[in-house]
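Participant: Numbering (our numbering), first residue to last: 3 to 93.
Positions of the beta carbon are idealized from the N, C-alpha and C atoms, including for glycine.
These numbers come from a predicted model, not from an experiment.
Take a look at the following structure, please.
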């Protein structure tokens with residue numbers, strides 16, 4: 003088994019994530035934390051798809067989800083910011 007660098011790992015993650023994931027992360031990076039309704043509108047990702055994408059990003063540690071009252075608030079983690087930066091450099 004070969005060991006991957008963080009950059010290689012992120013590239014593999016990028017290949018496996020749905021295309022909507024980058025739009026969600028960019029919206030969080032540009033606009034800051036927001037609830038799922040705002041995130042759906044800002045990222046132009048349908049709400050049913052958004053829930054699935056957010057859970058994938060949460061599992062990878064790229065997005066944090068917290069509760070504020072009845073709302074779920076999403077924000078980009080430090081790891082998520084590093085991921086976006088590496089993906090920009092790769093392009």
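(1) So, helix, strand or coil for residue 67, using DSSP?
(2) Across the stretch 45-53 and the stretch 78-91, are there enough close Cβ pairs to call them in contact, namely three or more that are closer than 8 angstroms?
(3) For residue 74, I'd like the list of residues in its chain whose CB is within less than 7 angstroms of its CB, leaving aside the five on either flank, ordered along the chain.
(4) Helix, strand or coil: how does DSSP classify residue 59 here?
(5) In chain order, what residues of the same chain lie with their CB nearer than 8 angstroms to the CB of residue 23, ignoring the 5 residues before and after it?
(6) Rounded to the nearest angstrom, what separates residue 91 and residue 4 at their Cα positions?
(7) From residue 53 to residue 30, what does the alpha carbon distance come to, in whole angstroms?
(8) Reducing DSSP to helix, strand and coil, say where residue 78 ends up.
(9) Quick one: give me the first and last residue of the alpha helix (DSSP H) that residue 19 is part of.
Facilitator: Taking the structure as given:
(1) Here residue 67 sits in strand by DSSP.
(2) With contact defined as three or more Cβ pairs closer than 8 angstroms, the stretch 45-53 and the stretch 78-91 are not in contact.
(3) Contacts found: 37, 38, 67.
(4) In the structure shown, residue 59 sits in a helix (DSSP, three-state: H, G or I).
(5) Within the same chain, and ignoring the five residues on either side of residue 23 in sequence, the residues whose Cβ sits closer than 8 angstroms to its Cβ are 55, 58, 59.
(6) Those two C-alpha atoms are separated by around 23 angstroms.
(7) Residue 53 and residue 30: Cα-Cα distance of roughly 15 angstroms.
(8) Three-state result, residue 78: strand.
(9) The continuous stretches of alpha helix (DSSP H) do not include residue 19, and DSSP gives it neither H nor E.
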